[in-house]
Amino acid sequence: MEEKLRNFYELFTRRKSVRDFSDRDIDNDSLDRILEIGRRAPSAANCQPWHFIVLRKKDRKDFDELLKKNFSTAPVIIIGCAEKEKAWVRKADSINYAWVDVTIALTEMVDSATAEGLGTCWIAAFDPEKVKTVLRIPPRIDVVAAIAMGYPKEPLIREEKRRKDIKEIIHYNGW
Numbered sequence: 001m002e003e004k005l006r007n008f009y010e011l012f013t014r015r016k017s018v019r020d021f022s023d024r025d026i027d028n029d030s031l032d033r034i035l036e037i038g039r040r041a042p043s044a045a046n047c048q049p050w051h052f053i054v055l056r057k058k059d060r061k062d063f064d065e066l067l068k069k070n071f072s073t074a075p076v077i078i079i080g081c082a083e084k085e086k087a088w089v090r091k092a093d094s095i096n097y098a099w100v101d102v103t104i105a106l107t108e109m110v111d112s113a114t115a116e117g118l119g120t121c122w123i124a125a126f127d128p129e130k131v132k133t134v135l136r137i138p139p140r141i142d143v144v145a146a147i148a149m150g151y152p153k154e155p156l157i158r159e160e161k162r163r164k165d166i167k168e169i170i171h172y173n174g175w
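So the sequence shown is numbered by our numbering: it starts at 1 and just counts up by one.
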């Protein structure tokens, strides 16, 4: 396997949820690269029905109180929001793809943060209506998820989590 490919795949073996972050801040260049990856993420019909709120540690006292778990040590939290009216809707069953598109963009930001040497943790355990109030998010916008991001306090030691066997989840030529 080529070195570039090996580095790419190795990135996914390094990714791990981090809940305890060091005091080291994320520099603006790294954060800008991560946000640019989110901006460039694919979306259904290229509708890009997303908005991202970036909260630095010093500016989010009211927000931190809304989280079910304590992520107050994270230097940055990014909140992914969906604007359903701007999303592609599948005609066959009227499924709106706004949440799917936001999730793709957030996932690509997680991957790029990993490439930058940062740790991340997906956050969904919060009351979205309270988040909307605190962050002044318009009623028509859905809060999908948040990502805590920063340098891990402890070195990352990847412990393999139990995963389903590939034969349980992959189907060829039909179910």
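Ideal placement from N, C-alpha and C gives every residue a C-beta, glycine not left out.
Here S22 really is in contact with P152; their C-beta atoms are around 7 angstroms apart, less than 8 angstroms.
For V110, the enclosing alpha helix (DSSP H) covers residues A98 to A115. If you draw a 10 Å sphere on the C-beta of G80, you find 16 or more other C-beta atoms in it, and that means buried. Sorting D101, I123 and W175 by C-alpha distance to the C-alpha of C47 places D101 at the top.
A straight-line Cα-Cα distance of about 12 angstroms links I26 and L35. With respect to the 8 angstroms criterion, A74 and A148 are classified as neighbours on the basis of their beta carbons. Burial of S43 is indicated by the presence of at least 16 other C-beta atoms within 10 angstroms of its C-beta. In this structure, A113 is the residue among A105, N173, A113 and P138 with its C-alpha nearest to the C-alpha of R15. Ranked by Cα distance from G119, the first of S30, R6, M1 and K132 is S30. Residue pairing by DSSP puts A82 in a beta bridge opposite W50 and D142. About 4 angstroms separates the beta carbon of G38 from that of A105, a gap short enough to meet the 8 angstroms contact definition.
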